[in-house]
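Undergrad: My structure is below; once you've seen it, I'll send some questions.
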Amino acid sequence: GEDVEQSLFLSVREGDSSVINCTYTDSSSTYLYWYKQEPGAGLQLLTYIFSNMDMKQDQRLTVLLNKKDKHLSLRIADTQTGDSAIYFCAESIGNTDKLIFGTGTRLQVFP
Amino acid sequence: SQTIHQWPATLVQPVGSPLSLECTVEGTSNPNLYWYRQAAGRGLQLLFYSVGIGQISSEVPQNLSASRPQDRQFILSSKKLLLSDSGFYLCAWTLIGGTDTQYFGPGTRLTVL
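Those protein sequence lines, which keep their order, are chains P and L.
Numbers 966 to 1076, taken from this note's numbering, label the letters of the first sequence in order.
Numbers 6 to 118, taken from this note's numbering, label the letters of the second sequence in order.
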């Protein structure tokens, strides 16, 4: 079945770049997403990428997609303490209206 | 613009008591609606989704049920809560025919004692 995997934790120093990785299994996914969840809050859409793209950049965020390896990454440049949160990747499931979410990566930014 | 509301924000209930969580969406019509549960330290589990009034799909067998009495209202219920029902419940919506992007509500923190 469909599965999305992420590492559970990432710790970086303020000002450094963060790279959060994700692997997925459904090769028919049309879109892949990155969401951010701050403590006690819902999920906030950060960005998404269409499956025929390799890269998408939005200010400090860069998404890289390797369809051959089914690998998605989110790079946050100049990471700030306000970036500390849980980051979820998700894939759309072909011909359904559902998303499959990874377990989330907890990013901790220290001064 | 579209907004999604959930209430209550937090809830503490005894085992065996009933549950009703409400989710409403404003500013859109005929959305797909979703209920997720996020257990402590874990990812999101899709519980139910609905593509229209009265149309509910259940993803996992469980102690919960869902209903969609109106186009923009989605309700999560239980007749008798279990300890294992504790968690963070998130409602989401998406536009049919769009990018499948789901937009989430603020969530309800349920603690069953």
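Here a beta-carbon is modelled for each residue, glycine too, at the ideal position from N, C-alpha and C.
Computed from a predicted structure; not experimentally measured.
For a contact defined as C-beta to C-beta under 8 Å, what are the partners of L:V30 on chain P?
TA: What you label residue 30 of chain L is simply residue 25 of the second sequence in a count that begins at 1. The premise fails here: L:V30 is roughly 13 Å from chain P at the closest Cβ pair, so nothing lies under 8 Å.
Undergrad: Could you compute how far the alpha carbon of P:S1016 sits from the alpha carbon of P:I1041?
TA: Position 51 of the first sequence, counting from 1, holds the residue named residue 1016 of chain P. Position 76 of the first sequence, counting from 1, holds the residue named residue 1041 of chain P. Cα to Cα, the separation comes out at about 20 Å.
Undergrad: Would you mind giving the Cβ-Cβ distance between L:K84 and L:P23, rounded to the nearest angstrom? I have them listed as a contact below 8 Å.
TA: As a position in the second sequence, residue 84 of chain L is number 79, starting the count at 1. As a position in the second sequence, residue 23 of chain L is number 18, starting the count at 1. Correct: roughly 6 Å between the Cβ atoms.
Undergrad: Residues in the region 51 to 65 of chain L with C-beta within 7 Å of chain P's C-beta atoms, listed in sequence order?
TA: Of all residues in the region 51 to 65 of chain L, L51, Y54 and V56 have a Cβ within less than 7 Å of some Cβ in chain P.
Undergrad: Between L:L88 and L:V20, how many whole angstroms is the CB-CB distance? I'm expecting something under 8 Å.
TA: Position 83 of the second sequence holds residue 88 of chain L. Position 15 of the second sequence holds residue 20 of chain L. Indeed they touch by this definition, with Cβ atoms about 6 Å apart.
Undergrad: Excluding sequence positions up to five away, which residues of its chain have a Cβ less than 6 Å from the Cβ of L:Q67?
TA: Indexing the second sequence from 1 puts residue 67 of chain L at position 62. No residues qualify anywhere along the chain.
Undergrad: Taking P:M1020 as part of the beta strand (DSSP E), name the residues at either end of that continuous run.
TA: As a position in the first sequence, residue 1020 of chain P is number 55, starting the count at 1. Here the beta strand (DSSP E) through P:M1020 covers M1020 to D1023.
Undergrad: Looking only at its chain, what residues have a beta carbon closer than 6 Å to the beta carbon of L:S63, apart from the 5 residues adjacent to it on each side?
TA: Locating residue 63 of chain L in the second sequence gives position 58, counting from the first residue. Answer for L:S63: F53, listed in chain order.
Undergrad: Is the beta carbon of P:I1051 less than 9 Å from the beta carbon of P:V969?
TA: Within the first sequence, the letter at position 86 stands for residue 1051 of chain P. Within the first sequence, the letter at position 4 stands for residue 969 of chain P. Contact annotation: P:I1051 and P:V969 have beta-carbon atoms that are not nearer than 9 Å.
Undergrad: If I follow the unbroken beta strand (DSSP E) through P:S1038, where does it start and stop?
TA: Working through the first sequence from its first residue, we reach residue 1038 of chain P at position 73. Taken as a continuous stretch (DSSP letters only), the beta strand (DSSP E) holding P:S1038 covers H1036 to I1041.
Undergrad: Quick one: residues in its chain with C-beta nearer than 7 Å to the C-beta of L:D105, no 5 flanking neighbours on either side, listed in chain order?
TA: For the purposes of this step, residue 105 of chain L is taken as residue 100 along the second sequence, with counting starting at 1. Within the same chain, L:D105 has close Cβ partners T99.
Undergrad: Which word fits L:G103, buried or exposed, when buried means at least 16 other C-beta atoms lie within 10 angstroms of its C-beta?
TA: Indexing the second sequence from 1 puts residue 103 of chain L at position 98. By the neighbour-count rule (16 or more Cβ atoms within 10 Å), L:G103 is not buried but exposed.
Undergrad: Roughly how many angstroms lie between the CA atoms of L:Y108 and P:S976, to the nearest whole one?
TA: Locating residue 108 of chain L in the second sequence gives position 103, where the first residue counts as 1. Locating residue 976 of chain P in the first sequence gives position 11, where the first residue counts as 1. In this model, L:Y108 and P:S976 are separated by some 27 Å (Cα to Cα).
Undergrad: With 16 as the cutoff for other CB atoms within 10 Å, does P:D1043 come out buried or exposed?
TA: Within the first sequence, residue 1043 of chain P is the residue found at index 78, counting from 1. Under this definition P:D1043 is an exposed residue.
Undergrad: Identify whether P:G1005 lies in helix, strand or coil by the three-state DSSP scheme.
TA: Here the question's residue 1005 of chain P lines up with position 40 in the first sequence. Looking at P:G1005 - three-state DSSP - the assignment turns out to be coil, as it is neither helix nor strand.
Undergrad: One question on the structure: do P:L997 and P:C987 come within less than 9 Å of each other, judged by their Cβ atoms?
TA: Within the first sequence, residue 997 of chain P is the residue found at index 32, counting from 1. Within the first sequence, residue 987 of chain P is the residue found at index 22, counting from 1. Yes, Cβ-Cβ distance for P:L997 and P:C987 is below 9 Å.
Undergrad: Interface residues of chain P around L:N35 at Cβ under 8 Å?
TA: In the second sequence, the residue the question calls residue 35 of chain L occupies position 30. Within 8 Å Cβ-Cβ: nothing; L:N35 doesn't reach chain P, min ~12 Å.
Undergrad: Count the other CB atoms, across all protein chains shown, that sit within 10 Å of the CB of P:Q1009; report buried if there are 16 or more and exposed otherwise.
TA: Here residue 1009 of chain P refers to the residue found at position 44 when the first sequence is read from its first residue. Label assigned to P:Q1009: exposed.
Undergrad: Quick one: using the 10 Å Cβ neighbour count with 16 as the cut-off for buried, is P:L1037 buried or exposed?
TA: Counting from 1 along the first sequence, the entry for residue 1037 of chain P is found at position 72. Answer is buried; the Cβ neighbour count reaches 16.
Undergrad: Determine the chain L residues that contact P:Q1057 at a beta-carbon separation under 7 Å, and present them in chain order.
TA: As a working note, residue 1057 of chain P is residue 92 in the first sequence. One detail in the question is off: residue 1057 of chain P reads as Ser in this sequence, not Gln. What P:S1057 touches in chain L: D105.
Undergrad: Of the choices P:F1075, P:D1062, P:E1056 and P:M1020, whose alpha-carbon is the least far from that of P:T1068?
TA: Position 103 of the first sequence, counting from 1, holds the residue named residue 1068 of chain P. Checked all of P:F1075, P:D1062, P:E1056 and P:M1020; the closest Cα to P:T1068 is P:E1056.
Undergrad: Tell me, please, which residues DSSP counts as bridged to L:L51.
TA: Translated into the one-based positions of the second sequence, residue 51 of chain L becomes position 46. The partner list for L:L51 (beta bridge, DSSP) reads L:Y41.
Undergrad: Would you mind telling me which residues of chain P sit closer than 8 Å to L:P111, beta carbon to beta carbon, in chain order?
TA: Walking along the second sequence from the start, residue 111 of chain L turns up at place 106. Simply A1006 and G1007.
Undergrad: When you compare only the Cα positions, how much space is there between L:Q60 and P:E979?
TA: Here the question's residue 60 of chain L lines up with position 55 in the second sequence. Here the question's residue 979 of chain P lines up with position 14 in the first sequence. Looking at the two C-alpha atoms, the distance is approximately 47 Å.
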